[in-house]
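When you line the sequence shown up against mature numbering (1 follows the signal peptide of the UniProt record, and there is no 0), it's residues -21 to -1, 1 to 465, in that order. Inspection log for the structure reproduced underneath, given as C-alpha cells.
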Amino acid sequence: MRRKGLHKLALLTLCSGLLLAGCTSGPAKKVEQQSSIKVMFWDESYFFQQYGDLFTMRHPNINIEVLSTQSLYSSGNGETDYEKAFKELVEKEQPDVLMLNTGNFETFASEGKLQEIDTLIGRDKYDTETIYPGLIDLLKEKGEGKLYGLSPSFYGNVIYYNADLFEKYGVEVPHDGMTWQEILDTARRFPTDGDEKTRIYGYGNQYGGVTANNLADQIARTQGLQSINPDTMKITLNTDSWKQAYKLALDAIESKALYNPENGGFQGGSMEEYYQSQPFLMGRMAMTVESAYLLQNMKEAKNAIKDYKPFKIGMAAGPVDPASPDKTRDLYFNEVFSIRANSPNVDAAWEFIKFINGEEYAKVKSRAMNNGLLSRMGFSKEFDGQSLDVFYKLKPVVDNSNRNMEKIPSDFYAQYQPILDRELGLVKDKSKSLDEALKTIQDEAQVVLDKAVKDQAEKKQKGDSGEEGASSGQGGASTEVITITK
C-alpha cells in the first residue's frame, strides 16, 4: 500500500519531539526531487511506527511503499521453504530496500544481489565512526570485505550479577571476560541448602531451568562448536571440545548450585506471578547471562510487585571463549537494511538507510529499548540507572555454528533429541561414561541423519516432478503455500 502524505496529524506531533531531540542540527544531504521507494519489511504498521513515520517527516519528498513479508508466514499445507519464497518475492516485487537477517544477508551479498554501500558512504562523507566498530567489521566479514548494509540495532548478552549476594557471602564479583568455567566455579561458592522457592542459586536462566543439554549448548555456542556439519551432513559431537562442554555442564548440574525447577518453572498466571517466579528478579540468584531485556523486566517487576525489595545489580562482559577472551559470538542482529542491486532508486534508498542508522534517529530511539541496543554509540548510555557500556566492550566475531543449518532436514531433530536425552540421562545416573554416551549419540544420530537426508532428497525429487507436470499443464503458473514456525 502506497503511503502519500502519511499520518499528517501524527507527524506534526512527532515533529515537536524530534526538534526537542535535536533534529535540526547537521541535516544529512537530501534527495530533493520527489521520489518513491519500496521497502521490504515483515509488517507494514510496525515499520511506520519504528522507522517510516520519522523518516517521512524528515524527508517528505520520498514516499514509502511497504512490501510486507507476512504472507510468507501464513499457514498452509505446503512444505516449509521460507528462504526460497523470500527470494521469489524479492524477484517478483523488486523492492529498493531489503530488511534481511544475518542468514539471508550473507546469501544475498554472496550472490551479488545487494548494492555495495562503501562508495555511497565515501561519496556523502557519512559518519560511521560512532557506529559500534565490531558491528561494521561483522557486516563486512559477511560481505567478504565489502559493506552491503547497516543495522540500526543489535542484541547481545552479558553476565548479570546480584552484587548484594556476592557481598553477603564474601564472593569476588564477576569481571569482564569470564569463561563458562569461571562462571560455574563461582556459582558453586553460594549455598545450596533450602527449599526450591526460598533458597539461593549460584546461576540460572531467565526462562526455565538449566539442564545439562541447554547449558552445554550455551557453552558450545560461546566456543563456536558445531554438533552437525551441514556441508558434509556429518554429526560432529564426539570430539574433545564437545566432551569438555558436556563435562562442564554435567558437573555444574550435579553441584546443585544451578536453578532447575522440577516443574520447569513458571506455568502461567499474572505478570506479577511471573516476576515472582523468577529467582534473579526476586534477589535469590547470584548470576545469569541475559540480554538488555532483563533490565526492562527488572524495571517492570519493581512496578508490578507490592513491597518489592530492590538489590544492587552488576554487569560484566562475557561469557567468552578462553581462546579469544576479548571477543564474543553472542551478538546478533535481526534487521540489516540493504539496497537491492540494480535498484533504480539508489539515492532515495540510501537516504532511508542513512537516516535510520544516523545520530538524529538514535537520539529519538535512545529513550526506549524495544528493538535492541542502538548500533550508533553514545546515545543509549544507560537504562533505569544501569550503564549499557558493557554491551559494547567485546569485539563481535562471526558465529559459524549455525551457518547453513537450514540444510538439515526438519524431520531429523524430532528423532535426534530423544537419543540425546536418553544418553545424557544414563551419564547423570552413572550408568554410562560420557565418552561412551557421546559415541553412541554420534553413531545413532548419524544413521537418523542419513535417512532424513535420503528421505528429503526423494521428497524433493517427487515434488520437482510434480511441479514440472503442473507447469506444462497450466502454462507455467503455480501457487505455493508456505508454512513456517515463527
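Ideal placement from N, C-alpha and C gives every residue a C-beta, glycine not left out. Quantities reported herein were computed from a predicted structural model and do not represent experimental measurements.
Since residue i and residue j are thought to touch, with beta carbons under 8 Å apart, how far apart are those beta carbons, to the nearest angstrom?
i	j	result
E437	H38	With 8 Å as the limit, E437 and H38 do not qualify as a contact, their Cβ atoms being about 52 Å apart.
M266	T165	7 Å
Q205	T215	6 Å
S132	G351	4 Å
F26	Y134	Between Y134 and F26 the Cβ distance is about 19 Å, and since that is not below 8 Å, they are no contact.
residue 480	M348	Residue 480 cannot be examined here, being either before or after the span of the chain that is shown, -21 to 465.
N336	I110	7 Å
L68	T48	7 Å
G188	G244	6 Å
K222	L413	6 Å
Y254	A224	Wrong, their Cβ atoms sit about 32 Å apart, outside the cutoff.
Q421	N217	4 Å
S89	R200	Their Cβ separation, rounded to whole angstroms, is 24 Å, which puts S89 and R200 out of contact at 8 Å.
R167	V150	Incorrect: roughly 10 Å between the Cβ atoms, too far for contact.
Could you spell out where the alpha helix (DSSP H) holding residue i opens and where it closes?
i	result
E402	S389 to K407
A228	D219 to E233
I179	Element bounds for I179: n/a, residue is neither H nor E.
L163	W159 to A166
E62	Y61 to E72
M261	Careful: M261 lies outside any alpha helix (DSSP H) and carries neither H nor E.
N24	The question names Asn, but residue 24 in the sequence shown is Ser. That run of the alpha helix (DSSP H) goes E23 to F26.
R382	Segment: none, R382 is in no alpha helix (DSSP H) and carries neither H nor E.
F34	D32 to R37
M250	M250 to Q255
Considering just the uninterrupted stretch of the beta strand (DSSP E) at residue i, what are its terminal residues?
i	result
L79	V76 to L79
L204	Per DSSP, L204 belongs to no beta strand (DSSP E) and is neither H nor E.
L274	Counting along the chain, L274 falls outside any beta strand (DSSP E), though it belongs to the alpha helix (DSSP H) covering Y272 to A283.
S15	S14 to F20
S47	I41 to S47
A265	M264 to E269
Taking 9 Å as the threshold (C-beta atoms), are residue j and residue i in contact?
i	j	result
V406	A416	yes
N42	S15	yes
K342	F358	yes
L310	L114	yes
V325	I138	no
D378	R308	yes
residue 469	P209	Look at the range of the chain in this structure, -21 to 465, and you will see that residue 469 is not part of it.
P298	T158	yes
K360	S366	yes
K439	D116	no
V369	K306	no
D363	L274	yes
A302	Q202	yes
P170	Y148	yes
K121	T81	yes
L403	A424	no
F65	L51	yes
M250	D429	no
S220	L163	no
P397	Q435	no
V315	L79	yes
N276	Q185	yes
I207	M384	yes
E339	D106	no
K17	E44	yes
Less than 8 Å separating the Cβ of residue i from some heavy atom of the ligand FAD?
i	result
G187	No copy of the ligand FAD appears in this structure; indeed no ligand is present at all.
Checklist entry - So does the segment 227 to 234 actually touch the segment 181 to 200, counting three or more Cβ pairs closer than 8 Å? => result yes
Checklist entry - Looking at C-beta atoms only, is the number of pairs between the segment 123 to 131 and the segment 86 to 98 that lie closer than 8 Å three or more? => result yes
Next on the checklist: Restricting to runs no shorter than 4 residues, where is the alpha helix (DSSP H) found entirely within the segment 90 to 141?
Outcome noted: 97 to 103 and 112 to 121
Checklist entry - Counting pairs of beta carbons, one from the segment 69 to 76 and one from the segment 310 to 326, are three or more of them closer than 8 Å? => result yes
Next on the checklist: To test your reading of the DSSP string, which unbroken beta strand (DSSP E) runs of 3 or more residues are found completely within the segment 287 to 358?
Outcome noted: 292 to 295 and 315 to 318
Item to check | Meets three-Cβ-pair contact criterion under 8 Å: the segment 284 to 299 and the segment 96 to 112 | outcome: no
Next on the checklist: Across the segment 144 to 159 and the segment 235 to 246, are there enough close Cβ pairs to call them in contact, namely three or more that are closer than 8 Å?
Outcome noted: no
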